[in-house]
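Residue numbers (the numbering used here): -8 to 264.
C-beta atoms are modelled at their ideal positions from N, C-alpha and C, and glycine is treated no differently.
Here the structure comes first, spelled out in C-alpha cells, and everything after it is commentary.
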Ligand code: NAD
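Here is the structure:
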C-alpha cells in the first residue's frame, strides 16, 4: 500500500549532484538497483559494475540461481505481471526502497515478416517491450520516493537501423526507444530520469547462440568483428559502463536520451582499407 511504501523507503544516496570528482565516478553507495536479465551478458556485466560501485543489486531473471557473490537473485519472468509485482515487492522489502531500474531482459528474433508468425510477435513484444513497462510500473511508486531515481532501458542499434532479417526484433527495440521518450516525459516531474543505451553487436551468449546456426561459427564471428567500424564487437563491460553512468547521480540532468555504444556502427561510414 502507499503508506507501506512511504514508511519503508529509506534509501539515501551518498553523493552530491555537484560533486566534481571527490567521489569515484558513478559512485552508487546507498542506492538499490534492479537489473532484469541480470544473470547473463550485458545484464550480468552491469550488475557486477553497479555492485562494485557500491549499489545493492537485485537481479531479476528467469535463471536467478548461481549468481556471483555480491548479487542477489529474484527469480522473475518479465512476461508475468504477477511475477514482476512479487519480485519488485520482495526487492523493496529486502532493501527498503528502489532507486535504479535497468530494464535489460530481452530476446533476439530472426526472420522477415513472412517468416515470423503471430506467436513470435506476441512472445518477443511481451518480453522486450511490455516487460519494460511492467517492471517500470511496479517500481515507479518506489522510484518516486528516491532522491536519485533512474531507469535505463537496453535498446539496440536495431531500433534505428535497417538490419537484415530482424524486422520483429527491430520493431521491439523501436518500441523500447519510444517507450523511453514517453516514460521520460511522463515522470520527469516525479524526479525519475529515463534513458536508454543502444548497443551495437555485443559479444554475449545472445550472439554466440546465434552464431551456432552457421557451419563455421568461428569464421562467422570473425566476419562479425570485421563488420564493426572498430574491427571488433562491443564488450558487455563497455555497455555496462554506459548504463552505470546513465543510472548514476552524475547524469542528473540527462533524461530522454539514447546513448549509442556501438563502436560507431550507426554513424560512421568507413570502408575496410
Ligand atoms: P543474454 O541472452 O546473454 O541475456 C539475457 C538475459 O535475459 C538472460 O539471463 C535471460 O535469462 C534473461 N531473460 C530472458 N527472458 C526473460 C524473461 N521473460 N524474464 C526474465 N528474464 C529473462 O543477452 P544479452 O546479449 O546480454 O542481451 C541483453 C539485452 O541487450 C537484451 O535486451 C538485448 O536485446 C540487448 N542487446 C543485445 C545486443 C547483443 O549484440 N548482444 C545488442 C543490442 C542489444
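- Counting along the chain, residue 37 sits inside the alpha helix (DSSP H) bounded by residues 32 to 43.
- In the same chain as residue 216, and ignoring 5 residues on each side of it, the C-beta atoms closer than 7 Å to its own belong to 222, 223, 224, in chain order.
- By the C-beta density criterion, residue 144 is buried, having at least 16 other C-beta atoms within 10 angstroms.
- By the criterion of at least three beta-carbon pairs nearer than 8 Å, the stretch 170 to 189 is not in contact with the stretch 20 to 30.
- In this structure, the C-beta of residue 190 approaches the ligand NAD to less than 7 Å from one of its heavy atoms.
- Secondary structure note for residue 150: it is in no alpha helix (DSSP H), with a DSSP letter that is neither H nor E.
- Residue range 62 to 66 is occupied by the beta strand (DSSP E) that includes residue 62.
- Counting along the chain, residue 51 sits inside the beta strand (DSSP E) bounded by residues 47 to 52.
- Here DSSP, grouped into helix, strand and coil, assigns residue 159 to helix.
- Here residue 27 is bridged, per DSSP, to 51.
- Residue pairing by DSSP places residue 142 opposite 92, 185 in a beta bridge.
- Residue 57 carries a coil assignment under DSSP once its states are collapsed to helix, strand and coil.
- Measuring C-alpha to C-alpha distances from residue 41 to each of 134, 136, 18 identifies 18 as the nearest.
- Around the beta-carbon of residue 156, fewer than 16 other beta-carbon atoms lie within 10 Å, marking it exposed.
- Leaving aside the five residues that flank residue 129 on each side, the residues in its chain whose CB is nearer than 6 Å to its CB run, in chain order, 75, 76, 79.
- For residue 190, the closest of 82, 233, 213 by C-alpha to C-alpha distance is 233.
- One alpha carbon belongs to residue 57, the other to residue 260, and they sit about 42 Å apart.
- Between residue 35 and the set 112, 243, 51, the nearest pair of CA atoms involves 51.
- Note on geometry: alpha-carbon atoms of residue 125 and residue 117 lie some 10 Å from one another.
- Contact between residue 100 and residue 115 holds, since their C-beta atoms are separated by about 5 Å, short of 8 Å.
- Shown here, residue 109 sits in a helix according to DSSP, grouped into three states.
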